[in-house]
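Undergrad: This is the structure, below, for whatever I ask next.
Structure below.
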């Protein structure tokens, strides 16, 4: 039962990551596809929280170190961004929720939707990075004996992709979208969707990379403090 539950959690997290990536190239997909992917994202997000209800009920329990504080704050921010994205998306809908129209809300809803989308990309990628130790532990189980060469090879690949992600972050002007310096996303329709998805995937890996090693640092710092207090 526990293994099935764990597998379901992993599959839902993978599904959310794929949906997040596919939601970014709005104009490169059809409006209808964008809205249905958004609905799938909402269903997966709700399922994610149902399966992790024990974590939700334990928020008020136990002690909080720096790692747990940041982890909890990320979850709260992510919840706010998802809700903002969904509500604004419903107001902007021309297909699934086309019957819901509130006069004078289009431009505000559009800006909120864009803000939540790009910050959602950052926060969800950080959240993924904070939990990447689970994926690392699963990968280690595939081999009977640990290998220094394999470990450093994996780190080198991750570092290379993260390095390209930094370049893609700059090339795609994601920083400008985050601070709302640009209110319209510009797409290169000649190159198509795949270069766009690869660049955004690299950016997600970059942010997850930062989140993972930030989490490792916070955990080590916490352990040192506990040892020093004895």
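In my numbering, the protein residues as written are 624 to 853.
Even for Gly, the Cβ is constructed at its ideal location relative to N, Cα and C.
It should be emphasised that the depicted structure is a prediction, and the values quoted were computed from it without experimental measurement.
Roughly how many angstroms separate the alpha carbons of residue 734 and residue 806, rounded to a whole number?
TA: Along the chain shown, read from residue 1 onward, the residue named residue 734 stands at position 111. Along the chain shown, read from residue 1 onward, the residue named residue 806 stands at position 183. Rounded to whole angstroms, residue 734 to residue 806 spans 7 Å at the Cα level.
Undergrad: Compare the C-alpha of residue 821 against each of 630, 641, 680 and 631 and name the closest.
TA: For this step, residue 821 is matched to residue 198 along the chain shown. Closest option to residue 821, Cα to Cα, is 641.
Undergrad: Quick one: what does DSSP say residue 706 is sitting in, helix, strand or coil?
TA: Here residue 706 corresponds to residue number 83 of the chain shown, with the count starting at 1. Residue 706 falls in the helix class under three-state DSSP.
Undergrad: Mind checking residue 803: buried by the 16 CB within 10 Å criterion, or exposed?
TA: Counted from its first residue, the chain shown places residue 803 at position 180. That one is exposed.
Undergrad: Which one of 692, 655, 637 and 664 has the shortest CA to CA distance from residue 841?
TA: For the purposes of this step, residue 841 is taken as the residue at position 218 of the chain shown. When only C-alpha atoms are compared, the closest one is 692.
Undergrad: Can you give me the start and stop residues for the alpha helix (DSSP H) that residue 682 sits inside?
TA: As a first step, residue 682 must be located in the chain shown, where it is residue number 59. Note, residue 682: premise wrong, no alpha helix (DSSP H); not H, not E.
Undergrad: Output yes or no for whether 9 Å exceeds the beta carbon distance between residue 828 and residue 784.
TA: Working through the chain shown from its first residue, we reach residue 828 at position 205. Working through the chain shown from its first residue, we reach residue 784 at position 161. Yes, Cβ-Cβ distance for residue 828 and residue 784 is below 9 Å.
Undergrad: With C-beta atoms as the reference, is residue 719 less than 9 Å away from residue 662?
TA: In the chain shown, counting from the first residue as 1, residue 719 sits at position 96. In the chain shown, counting from the first residue as 1, residue 662 sits at position 39. Against a cut-off of 9 Å, the Cβ pair of residue 662 and residue 719 comes out as a contact.
Undergrad: Got a sec, what are the start and stop residues for the alpha helix (DSSP H) residue 729 sits in?
TA: As a working mapping, residue 729 is identified with position 106 in the chain shown. 729–753 is the extent of the alpha helix (DSSP H) around residue 729.
Undergrad: Can you grab the Cα-Cα spacing for the pair residue 650 / residue 816, in whole Å?
TA: What you label residue 650 is simply residue 27 of the chain shown in a count that begins at 1. What you label residue 816 is simply residue 193 of the chain shown in a count that begins at 1. C-alpha separation (whole angstroms): 9 Å.
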